[in-house]
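Participant: Structure provided below as structure tokens; questions to follow.
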């Protein structure tokens, strides 16, 4: 009877402790490796990176905390995820649109970068399977003079069809180029716009000018754009650039002067300076 009473007391105490734990107020504390989401518009889509940011904390990272020659989750906690809304190439390697886990094998002078289709692997790299690997390539590892305390993955040098993805931590930086095909998509969009009730003549003309396409067609479109927007100084500036590129200095001069006139009314010093520079370059 005494044993039964003691047992019941222990069970009651254990239940009480569990109840207290279940109802205890959760303490709000900073995460040791806070989550970071990077969203970068790229091409006609975007790139999203979701990763946790571990810190150095007076440790030796590469070659110690992160061993050389071993697969690393390239972050902390869950796997680092990279999403491409459109097909891309990483360092020249084709990758289809989708979401991938980012793994790497750091070494002193070079890293291997891998995209992995299984997003649930996380840090269980002992279960890494080659058949789930989407792409693998090598990049050079460089040293930098300053210390980067928290892991940083970003996208820079963003141009219409290319950018650079960079990873920095401790005194190491790696980077690789990301490229995408935009011309076919933009040309299709222009074609659809021209068939619509409100064609975007200005942007179509700008794309043709910037990409060395049919300048005569670009001029037709920009003429229609300024006819619809007679006070748009920035449209006259594009018109002047197209005319000069076509070799029509007289028309280019007139459009540049019109740009200055309209920009003065709008109090836009930038376009006044740009148009004056264009005139000086085409005397």
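Residue numbers (the numbering used here): 124 to 406.
Don't be surprised by glycine CBs; every beta carbon is placed ideally from N, CA and C.
#1: Looking only at DSSP bridge pairs, what is residue 167 linked to?
#2: In the DSSP output, what is residue 195 paired with across the bridge?
#3: Closest by CA to residue 355, which one among 309, 280, 385, 346?
#4: May I have the straight-line CA-CA distance separating residue 150 from residue 274, to the nearest angstrom?
#5: Excluding the five sequence neighbours on either side, which residues of its own chain have a C-beta within less than 7 Å of the C-beta of residue 219, listed in chain order?
#6: Would you tell me roughly how many angstroms separate the C-alpha atoms of residue 369 and residue 350, rounded to the nearest one?
#7: Grab me the residues of residue 396's own chain with a C-beta within less than 6 Å of its C-beta, minus the 5 sequence neighbours each way, in chain order.
#8: Could you have a look at residue 367 and say whether DSSP puts it in helix, strand or coil?
#9: Nearest to residue 403 by alpha carbon, out of 232, 380, 296, 213?
#10: If you follow the beta strand (DSSP E) that residue 372 is in, where does it begin and where does it stop?
#11: In this structure, does DSSP put residue 349 in helix, strand or coil?
#12: Going by beta carbon distance, what residues of the same chain come within less than 6 Å of residue 206, once the five residues before and after it are set aside?
Facilitator: The answer reads as follows:
#1: DSSP output for residue 167 lists no bridge partner at all.
#2: Looking at the DSSP assignment, residue 195 forms a beta bridge with 227.
#3: For residue 355, the nearest C-alpha among the options comes from 385.
#4: 25 Å
#5: 210
#6: If I take the Cα positions, the gap works out to 20 Å.
#7: none
#8: helix
#9: 380
#10: Run containing residue 372: none in the beta strand (DSSP E); it sits in the alpha helix (DSSP H), 372–388.
#11: Judged by DSSP in its simplified three-state form, residue 349 adopts helix.
#12: 171, 222
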